[in-house]
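J.:
Below is the structure:
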């Protein structure tokens with residue numbers, strides 16, 4: 020989901036335009052704590068977001084991703100061992116697991132965690148210690164699942180650009196901040212998969228709670244494997260071979276205009292509309308709010324088909340689950356076969372503060388259409 024506006028940024032320099040792909044020559048560091056007068060009552064102040072404009076990164080290089088789920092023992096003996104209980108949230112999507120501390124998992128347990136995430140799409144763990152662990156230990160855990168992705172615009176904990184901070188609160192410095200984010204919208208729901216404008220978008224993704232409002236701020240997830248399966252065989256077959264453009268350039272244009280941080284030159288990429296999961300072999304729809312058009316189609320045709328597919332993902336409750344956050348909650352999802360949305364419904368005077376790890380996976384690929392067995 021797009022992050023709230025980075026505040027107190029200077030106006031863009033003349034060379035801070037899309038043509039130059041730079042933020043100007045001045046070095047500046049924007050800290051969320053400054054919006055709170057330099058002091059904060061945040062429970063985890065070292066996780067408050069920072070934007071360091073000196074942090075300019077080169078283009079991402081291709082890398083070979085080996086999904087740890089391929090190594091996993093399907094009996095899950097190192098994950099779902101004695102004393103662990105698992106409860107399905109819906110028949111097809113989401114499982115809540117109790118009685119295990121993720122930070123203590125062996126490598127074999129992490130492999131099985133990746134496999135179970137791919138199978139159930141979303142896993143919810145309660146009473147976890149992630150928020151209190153040293154950040155390097157968290158990064159080591161996340162690195163088991165792939166190369167860490169550094170978001171081009173998000174705020175991060177100072178010194179740890181691999182961690183994407185999700186933070187929103189109406190601050191004393193800007194009493195209307197929360198209202199600005201929601202202004203002009205009947206709903207802030209935005210179904211998406213994370214950073215699909217990269218050549219190799221994330222796979223197994225980790226989000227953990229730091230501080231939460233008393234109520235509200237849930238996250239909705241949609242199972243895009245089920246979304247694909249619910250389409251008619253005729254439409255499923257027609258979607259194979261089509262490719263969508265995922266646009267990272269238009270997403271960062273407002274950041275350039277306002278002189279805000281963009282760490283890396285944005286790109287747009289083509290991905291198949293139907294991708295295949297490398298471990299489960301399942302096919303999933305791979306379109307979302309970042310998919311701007313379908314290659315080879317006229318605008319009206321592309322808009323109609325993308326509109327239908329996005330509405331299908333968003334409206335079909337049969338393949339969705341809503342996760343309620345609690346202190347100590349860690350949620351894992353497979354970004355390749357899900358879409359998600361924040362639900363911005365809480366009291367804006369209360370802080371919603373989470374941290375995300377987004378290990379990259381393989382470049383999306385598709386396999387041939389297989390007709391249903393009669």
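Numbering (the working numbering), first residue to last: 20 to 393. Glycine included, every Cβ here is placed at the ideal spot set by N, Cα and C.
Using only alpha-carbon positions, find the residue among 251, 50, 185, 336 that is nearest to residue 390.
T.: Of 251, 50, 185, 336, the residue nearest in Cα terms is 251.
J.: Given that a residue counts as buried once 16 or more other Cβ atoms are within 10 Å of its Cβ, and exposed if not, what is residue 321?
T.: The residue is buried, with at least 16 neighbouring Cβ atoms inside 10 Å.
J.: Going by the beta-carbon positions, is the gap between residue 286 and residue 267 smaller than 7 Å?
T.: Yes, these two residues count as a Cβ contact at 7 Å.
J.: To test your reading of the DSSP string, which unbroken beta strand (DSSP E) runs of 3 or more residues are found completely within the region 102 to 188?
T.: Segments of the beta strand (DSSP E) lying fully in the region 102 to 188: 104 to 107, 114 to 117, 141 to 144, 183 to 187.
J.: Using only the alpha-carbon positions, how far apart do residue 96 and residue 103 sit?
T.: Using only the alpha carbons, I get a separation of about 11 Å.
J.: Please name the residue, chosen from 360, 109, 281, that lies closest to residue 72 on a Cα-to-Cα basis.
T.: The candidate whose alpha carbon is nearest that of residue 72 is 281.
J.: Going straight from the alpha carbon of residue 161 to that of residue 121, what length do you get?
T.: The alpha-carbon atoms of residue 161 and residue 121 are separated by roughly 11 Å.
J.: Would you identify the three-state DSSP class for residue 48, choosing helix, strand or coil?
T.: Of the three classes helix, strand and coil, the one that applies to residue 48 here is strand, per DSSP.
J.: Can you look up residue 227 in the DSSP assignment and give me helix, strand or coil?
T.: DSSP places residue 227 in strand when its eight states are reduced to three.
J.: Do we get a CB-CB distance below 7 Å when we pair residue 180 with the residues of chain D?
T.: In the displayed structure, chain D is absent; only one protein chain is listed.
J.: Cutting at 6 Å between CB atoms, please list the residues of its own chain near residue 119, excluding the five before and the five after it.
T.: Closer than 6 Å at Cβ, skipping near neighbours: 103.
J.: Let's test the definition: count the other Cβ atoms within 10 Å of the Cβ of residue 380 and tell me whether it reaches 16, buried, or not, exposed.
T.: Label assigned to residue 380: buried.
J.: I need the boundaries of the alpha helix (DSSP H) containing residue 327, first residue and last residue.
T.: Its alpha helix (DSSP H) spans residues 318 to 334.
J.: Check whether the Cβ atoms of residue 309 and residue 359 sit closer than 7 Å, and answer yes or no.
T.: No, these two residues do not count as a Cβ contact at 7 Å.
J.: Would you list the residues sitting across from residue 240 in a DSSP beta bridge?
T.: Paired residue(s): 340, 359.
J.: Hey, quick one: how far does the alpha helix (DSSP H) through residue 269 stretch, first residue to last?
T.: Segment 268 to 276, the alpha helix (DSSP H) holding residue 269.
J.: Could you please give the first and the last residue of the uninterrupted alpha helix (DSSP H) stretch that includes residue 370?
T.: Unbroken run through residue 370: none, as it is neither H nor E.
J.: Of all the options 244, 57, 261, which has the alpha carbon lying nearest to the alpha carbon of residue 300?
T.: Checking every option, the nearest Cα to that of residue 300 belongs to 244.
J.: Can you tell me which of the three DSSP states residue 376 falls into?
T.: Reduced to three states, the DSSP call for residue 376 is strand.
J.: Which residues in the same chain as residue 90 place their Cβ atom closer than 7 Å to its Cβ, once the five residues preceding and following it in sequence are excluded?
T.: Taken in chain order, the residues that qualify are 130.
J.: Classify residue 303 as helix, strand or coil using the three-state DSSP reduction.
T.: The answer is strand: DSSP assigns residue 303 an E or B state.
J.: State the DSSP-derived secondary structure class of residue 253, mapped to helix, strand or coil.
T.: Of the three classes helix, strand and coil, the one that applies to residue 253 here is helix, per DSSP.
J.: Give the straight-line distance between the Cα atoms of residue 93 and residue 134, rounded to the nearest whole angstrom.
T.: About 8 Å.
J.: So, for residue 332: in the same chain, excluding its five sequence neighbours on each side, which residues have a beta-carbon less than 7 Å away from its beta-carbon?
T.: Cβ neighbours of residue 332 beyond the five flanking positions: 210, 241, 243, 246, 304, 358.
J.: Along the beta strand (DSSP E) that carries residue 83, what are the first and last residues, could you check?
T.: Looking at the DSSP string, residue 83 is not in any beta strand (DSSP E), and its letter there is neither H nor E.
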